[in-house]
Every structure is written in structure tokens, then in C-alpha cells.
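Data block below; observations after.
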Amino acid sequence: MTKIWWGHASLWRDEHRRGGHTFLAFFFFFAMTLVMTLSVAQAQNYRFSQFVVEGNQRVDDSTVLSYADIAPGQTISQAQLNQAFQDIQGSGLFEDVRLIPRGGTLIVQVNEFPTVNQIAFEGNRRIDDEALTGLIQSTPRRIFSPLTAQQDAARIVEAYETQGLLAATVEPRIIRRSENRVDLVYEISEGRTVENERVSFVGNRAFTDRRLRRVLETKQAGLLRALFQGDTFIADRLEFDERLLNDFYQSRGYIDFRVVDITTELSRERNATFITIQVQEGQQFRFGRLSASSDLPGVDPNEFLEAARLRSGVVYSPTLVENAITRMEGLAIRKGLDFIRFEPRVDRDNSNLELDIEFVITRGERIFVERIDIEGNQTTLDRVIRRQFRVVEGDPFNPREIRSAAERIRALNYFSNVDVDSREGSTPEQVVIDVDVEERPTGSLGFGGSFSTDSGIGLALNFTETNLLGRGQRLIFDLSTTEDSGNSQITFTEPALLGRDVALTLSAFQFITESDNSEFDTENTGISSALAFPIGEFSALSVRYSYRILELAEVDEDSSPILQRELGERTSSSLGYTFTYDTRNRGLDPNAGILLSFGQEFSGIGGDVEYISTRLRAIAIRRLRNEDFALRARFEAGNITGLNDYQTGVVDRFFLSSQQLRGFEFRGVGPRDLDAINEDPLGGNNYISGSFEFGFPIGPLEEAGISAAIFLDYGSVWGLDDTDGAGGPGSVDDGFSLRSSIGLTVFWETAIGPLAFNFTQALAKEDFDEDRSFDVTFSTRF
2 MTKIWWGHAS LWRDEHRRGG HTFLAFFFFF AMTLVMTLSV AQAQNYRFSQ
52 FVVEGNQRVD DSTVLSYADI APGQTISQAQ LNQAFQDIQG SGLFEDVRLI
102 PRGGTLIVQV NEFPTVNQIA FEGNRRIDDE ALTGLIQSTP RRIFSPLTAQ
152 QDAARIVEAY ETQGLLAATV EPRIIRRSEN RVDLVYEISE GRTVENERVS
202 FVGNRAFTDR RLRRVLETKQ AGLLRALFQG DTFIADRLEF DERLLNDFYQ
252 SRGYIDFRVV DITTELSRER NATFITIQVQ EGQQFRFGRL SASSDLPGVD
302 PNEFLEAARL RSGVVYSPTL VENAITRMEG LAIRKGLDFI RFEPRVDRDN
352 SNLELDIEFV ITRGERIFVE RIDIEGNQTT LDRVIRRQFR VVEGDPFNPR
402 EIRSAAERIR ALNYFSNVDV DSREGSTPEQ VVIDVDVEER PTGSLGFGGS
452 FSTDSGIGLA LNFTETNLLG RGQRLIFDLS TTEDSGNSQI TFTEPALLGR
502 DVALTLSAFQ FITESDNSEF DTENTGISSA LAFPIGEFSA LSVRYSYRIL
552 ELAEVDEDSS PILQRELGER TSSSLGYTFT YDTRNRGLDP NAGILLSFGQ
602 EFSGIGGDVE YISTRLRAIA IRRLRNEDFA LRARFEAGNI TGLNDYQTGV
652 VDRFFLSSQQ LRGFEFRGVG PRDLDAINED PLGGNNYISG SFEFGFPIGP
702 LEEAGISAAI FLDYGSVWGL DDTDGAGGPG SVDDGFSLRS SIGLTVFWET
752 AIGPLAFNFT QALAKEDFDE DRSFDVTFST RF
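Residue numbers (the numbering used here): 2 to 783.
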């Protein structure tokens, strides 16, 4: 062992000796390097008295040297020379730069970036060239910039991402041309559309995922995804969806609701997303104790509280509170009380899940509206915007009314952007209201198609201008035709006649029907005018006048003698009115509403036709189980009574359509002359129609816009002035006979229009009725 150790010791001594020599060599090398570096550093200071620029064609010498920023005779270091190089390169004008010192001369060699000759796009199908050209900054006849081209590519990718093409890639390429020009080509690979494979929620208890998905603009891919584009992933839409969810819950009493997080995961194949929305619902609150207080003389708080029309126990909604304040402000205006403010003070009762509301009535600051300034409207007249305000110059300033006016301006749908702000006027007691709008196109031309088992295939042409000549007037032209009918109508509407809340409508029309379940043709040609105005928060009244030429033609020789006697032309001059009361989606309960409509028409102000026609219609709807289900009921009735021995004709009388009584043909029920060969339907002077319907979702098919309803329909048409048919006097039975049917309707909201499939079984009918077990309707515009 001693020998081995010495061996190691000897080896260590040899290595130590060699290490000493290595250290001396390294020290000598380091010292020489330091000396040489100091010498070089001392030597690489430059002073140039002359500058030469080479390779430039478009950029003059002075411009190039201005980027270098080196003065003649100036002593500069190597670092300063490098900085000059960086500054010239960073100008973005040159593809390549070289600085060559030669004694007292600095040679600057540059290679200019080429000029863009033309720009092209390859591989784009979803977005056309014109749209892409508007996105990029590169333009022909400008200097090519690689940085700008890359930024352009990023913008194009963003445009594809907004359409759900997250896998899209864009590569800018250049093709060299003569005279230092290049063609810039953006090579686009669009990739596959990224679908929302799943939209799910975490934390929701009150509403199902299915119900909440109906609130969102973002849609989940369904079983029939090939027919829809609504399930495409668009990132910007999620922020809007968050606001929609918040509004949905707030309007249903969930005052503590918030969206905790929205996460989006991309599938491994990058063709699908999985969106998870985490929410915190909180508890649903209802209105508790409602009160009002005021120290103002001459103000009765109870009177204003009664005008608010709020009820304890109703689910809380901020909209209901806003509407209540609006009603109270309206009462204050009617009583001549200015500068009155209504402040809702909310006290939470967490134990009973109620919100006690106290409306504190105070006198606000004495601030007046100095003026209303409107900008941005190139076509729309100022008065169209100004009449959306309930205040004019000199009126008391009401911030709530200004916000409401802004919403009314947006609701016109004339503008893509509306900004309404207030600022201090010429004195602190006055304000100026600034309205800044950005106009949008208001005209449209549409072509459409339809199909139903009633009338077959139909085509339609529609032209609409909602802001005619910038006056806020509406002009509509409709032309449609089917196998058995042809309709044309032109309508003009002035929504604010003489600056009042009165709408004037003028219309000219022609409706033609040919041999639809009958052996005769009808034609209804005329003009009409109407005035419509509100008479309450939910009610409106319209009055109208019409002049019509009614013709019964092409009556077959085998038709009823009743029709033979009615053959020919009649003129009708009539006055009418309709009262409407509608609380659907606007009343105190957002899950329930009714529509009541009552109207009469008095014909005989000239012309050949003399009668009184009366119609009544009532609709009620109630949503159940957190709005997943709906109960709907409908009832309508009509009567026409001749005056001065006038006998109504088939052009006057009522018929039931297949929408009013499903399970039967159009003109399929009611009095018929069974002794005539054609057994023509004759219509009736009276009718009733109604239905009870229960709507429900169809599980996963709801994502494809498919829902269903089971229904019970009933109806009848009866009553004739002339019953002398082919069998002699009194041979036509015009008595009352109630028909009914049950069935299932499947609704499908497709991307090209709504479809309705009715599967029906008649329960009660007459032997001569024309029934139908299935029908489908479809309509669309494009």
C-alpha cells in the first residue's frame, strides 16, 4: 500500500509542477490581451472629414447621413459608430446597411427596401379580397416594410378568429420584380371553423344550462350543426354574453349575481372549444315593504306611491323600479312640480329575501336645459332626433329623462353608434346636452321564399326604407305570389304627425285569391289610412278609413246559386277603430302577459256595402319552471251584420285559416252548399276560434333551435243571410257546429328561416269538412 500511495504522491507532484507552468502561461496571455485591447480601443476612435453614400436610389444622401448623425471632424468611438449603424437600419428605409471607415472617409453602403408593386391574397374563401384590403396597412407604390407586413398578417389572423377560424395562419411573401419592386402576397391558410363543442355552467342552481344557453349570443353546436353558423367560436362575443347573463339574473331578482370566470379550452385538433362559465347566483329577492316619504310642501307621498304601481311580493327587477320612477315623474309633471327627484333607498331583508324600497321625494338642483346640440347626422334631420327628447330648451334638467331619450334614439335603429352626454352650459345653472350619432344604412331590399300546404310554394319581394329622406318616415313595398294568390302592397308611415306621438299610415293594396279549396276567385283592391296613438302605458288606439273594390269572379257553373247571385263587383267605404291592450314582456310580471284587442268597422259611408263588423281577440301567456315551459291561450271571435237589408257576400264573410284551426284546410269548415256539385265553402257572418297550448323544449335538440308544443284547437264558422242553395230555399245548413283538434307542433328556427311542422288529429268535425293531419310552413328573406 505504501508503493501505491507514493505513486499517487509522485503523480500529484508532477501535476502541480505542470499546473504552475500553465498558470504562468495563462497570466502572460491575459496581460498581453489586456495590452492589445487597450491599444485597439485607443486606436478605434474615428474622425471623418468626408462621407460617401452608395446604393441609394430614392433616398438622397443628406437623408441617409441625417440618420447617422455624425458631424465632420467629430471624434467618435466604435460604440458611436455602431449606434449610427443601428439608427440608419432602424429608419425602416433600407434592407441592408454597411459602414466602412477608410481613413478620414466613411462609406455608407445601403440597399433600399423595394417598392410594393401590387398586393394579392391567396387561399382566402371566407373573407373576400376587398375586406382584407381594408384591414392591412401595406399599400401599392409605397416602400415595402417587413414589420408592417407582419402586422398586417396579424390583423388578418384576428379577422379570421372573429369568425371562429382559430387555426388560420397568414404568411406574407414577396416576389421580386424589376426596378427594385416586389409583389406582396399574403398566403392564407384558413383552417377549419372552430365550433363551440360545449357551453356549460358551474354554480347555477335556479336555471338549467339549457335555459341559460338560450340567453347567450354564443351557441353550442347541436346535432344539426351542419345547418347552423351560430355555434362558431367568437372570443369578443363572450364579454357581451356576460352582460346578457347579468341582465337576465338581475331582472329576475338575483341582485347578487355575478360571473366569476369564463374559461375557454381549445381541443387538441384545434377545431372545437369547450366554454365553461362559472357563476354565483345568490338568492332571489322580492319586493318587500314599499313606502314613500317627503318633506316638500304640497306633496303627498302616498299619491306618488300609488302612481308607482309596484306590489309587494313581486320578484324584484331594476326595470320595474325604473318604470315606477318614470310614472312618479310623470305625475309630478302633470301636477306642475318641477325639479322633483325620486331616490329609491333599498333595505335588504336577508332573512325573508325581500327588498324594502323607500322612495324619497326631494327637490333637486334648479338646473335647466340650455340647448341640445346634435352632431354626426348627415342624412337624418335634427328634428327626428330631437323629438325623442321629452324636454326642450328651457325645461328643467332630468338626468333620467336624458338617459331614456338616448335609449329611444338607439331604438330608432338609424344609427350604428349613439352618444348622449351633458355638460355645463353658459352658467352653472344650465346644461348643454350633446348628441353624437353615427349613421347606418336604413334601406333594405329582400327576396324571399315560402312554402305551406295551404298555398304551396311562394316567392316574395320586399323593399323597406325606415328613414325616408332622413325624415324618420317608413316606406314599405311588398310583392308576393303563391300558386293560388298574389298580393301587393305599398305602405307609407309618418311616425310623428305634426310632431305629436301620433303615427299616420297610408296604404294601397291588391289581394287576389284563385280557386283555393273552392271554384271561385276573389280580388280586393283599395286604399286605406290610419292614425295610431297611445292612450296609456300598455294601451293604444288606432282609427282608420278604407276604400275597397271587392270582386267575386270566375264562379263555376257547378257552384252554389248563392255564389252565382253574388257574382260581380262591390265597393266598400268604411271607418274603423281598434283598441289594444298589451302587457306581454312589459308588465309587472316578466313571465306572464296578456293581449286584448277589440275593433269595429262601419261600412256604408258611400259605396255598395253596408255592414258593421266586430272582432275580439285575447291572448294570454305564462312561463313556468324557470321559463323552460310555457302555457298559451288564445281566443278570438267576429261578427258581421248587414245594415239596411244588405246581404253579406263571400268577399265580406269570415273563413278560418289553418293557423286559426289546425287540422283543417283553409276554408275547410263552415257552411257549404252540399247540393251543389262543387260543394263550395260559403264562409259565415260569425266565427270563433281558440287554442290551448303547452310549449316545451326537446332536450338536446333545443341547441339546434328546435322546440315543440302540444295543443288543443277549437273553432266554428256559421250564419248566412242567404241560405237558398242548389237544393232550394233553406237548403244550406248555416248553424253553429264546434270543431276541435289536438296535435303536436315542432318549431325549428333554422338559419334560413322558421319552420313549423303540425301533426294533427281532428276530434270533432262534420262529414263535409276538409281536414288535414299534417302541414308545414316555411318562410324566409335574404
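Every residue, glycine too, gets a C-beta built ideally from N, C-alpha and C. In this text the structure is predicted, and so the values were computed from the model without any measurement.
Can you find the residues in the same chain that come closer than 8 Å, C-beta to C-beta, to residue i, ignoring five residues on each side of it along the sequence?
i	result
Asp629	Thr209, Arg211, Arg212, Phe697, Pro698
Leu382	Gly471, Arg472, Gly473
Phe775	Thr454, Phe758, Asn759, Phe760, Thr761
Leu246	Leu213, Val216, Leu217, Phe258, Val260, Ile278, Val280
Gly204	Val261, Gln279, Val280, Gln281, Glu282
I'd like the list of long-range same chain contacts for residue i, defined as Cβ closer than 6 Å, with 5 residues on each side in sequence excluded.
i	result
Arg170	This sequence places Thr at residue 170; Arg is not what is there. For Thr170, where only same-chain residues beyond five positions count, the Cβ hits under 6 Å are Ser190.
Met33	Because Met33 sits at a pLDDT of 49, beneath the cut-off of 50, its placement in the model cannot be relied upon, and the point is left open.
Leu597	Tyr582, Ala619
Glu851	Any question about residue 851 goes unanswered here, given that the chain covers just 2 to 783.
Ser741	Tyr715, Leu764, Ala765
Asn73	The residue asked about is misnamed: residue 73 is Pro in this sequence, not Asn. Once the five neighbours on either side are set aside, the close Cβ partners of Pro73 are Ser50.
Gly584	In the sequence as presented, Gly is not what sits at residue 584; that position holds Thr. Same-chain partners within the cutoff: Phe539, Gly594, Ile595.
Asp348	Asp357
Ile137	Asp153
Arg342	Thr363, Gly365
Asn640	Thr615, Asn687
So, for residue i: in the same chain, excluding its five sequence neighbours on each side, which residues have a beta-carbon less than 7 Å away from its beta-carbon?
i	result
Gly314	Arg287, Phe288
Gly669	Asn518, Asp770, Glu771, Asp772
Asp735	Pro672, Gly685, Trp719, Gly720, Leu721, Thr724
Asp674	Ser561, Ile563, Glu680, Asp681, Leu683, Gly726, Ala727, Val733
DSSP on residue i, reduced to helix/strand/coil?
i	result
Ile678	coil
Ala727	coil
Gln87	helix
Pro792	This structure gives no information on residue 792, because the portion of the chain shown stretches from 2 to 783.
Pro141	coil
Gly331	helix
Arg127	coil
Ser40	In this prediction, Ser40 scores a pLDDT of 41, lower than 50, which makes its location untrustworthy; the coordinate-derived value is nonetheless stated afterwards. In the structure shown, Ser40 sits in a helix (DSSP, three-state: H, G or I).
Asp248	helix
Pro400	helix
Phe95	strand
Ser738	coil
Ile491	strand
Ala155	helix
In the DSSP output, what is residue i paired with across the bridge?
i	result
Ser179	Paired residue(s): none; Ser179 is not in a bridge.
Pro755	Glu750
Gly696	Ala631, Ala710
Val117	Val183
Pro173	Tyr187
Gly685	Phe655
Val436	Ile375, Val421
Asn525	Phe512, Leu551
Asp348	Asp357
Phe52	Leu107
Ile278	Phe202, Ile263
Val370	Val432
With a Cβ-Cβ cutoff of 8 Å, do residue i and residue j count as a contact?
i	j	result
Leu100	Glu113	no
Glu243	Val260	yes
Arg199	Glu218	no
Ser644	Ile613	This sequence places Leu at residue 644; Ser is not what is there. Yes, they are a contact pair.
Glu439	Ile458	no
Val300	Glu371	no
Pro319	Gln251	yes
Arg312	Ala325	no
Phe603	Leu617	no
Gly527	Tyr548	yes
Thr116	Arg174	no
Is residue i near the ligand NAD, in the sense that its beta carbon is under 7 Å from a heavy atom of that ligand?
i	result
Ile375	As presented, the structure is devoid of all ligands, the ligand NAD included, so that no description of it is given.
Specify whether the region 50-58 and the region 82-90 touch according to this definition: at least 3 beta carbon pairs, one from each stretch, less than 8 Å apart.
Because the criterion of three Cβ pairs below 8 Å is not met, the region 50-58 and the region 82-90 do not touch.
Can you confirm whether the region 120-128 touches the region 63-73 when touching is taken to mean that 3 or more C-beta pairs between the two stretches lie within less than 8 Å?
The region 63-73 vs the region 120-128: no contact.
Looking at C-beta atoms only, is the number of pairs between the region 638-657 and the region 720-727 that lie closer than 8 Å three or more?
Look at the beta carbons and you see the region 638-657 touching the region 720-727: at least three pairs across the two are nearer than 8 Å.
Say whether the region 346-359 touches the region 425-433, bearing in mind that this needs 3 or more beta-carbon pairs closer than 8 Å, one atom from each stretch.
Verdict: no, contact absent.
Can you find at least 3 beta carbon pairs, one from the region 495-503 and one from the region 399-412, that sit closer than 8 Å?
Because the criterion of three Cβ pairs below 8 Å is not met, the region 495-503 and the region 399-412 do not touch.
Under 8 Å: do the region 653-666 and the region 532-542 share three or more Cβ pairs, one atom per stretch?
No, the region 653-666 is not in contact with the region 532-542.
On the three-pair Cβ rule with 8 Å, is the region 519-536 touching the region 552-560?
Touching, per the Cβ criterion.
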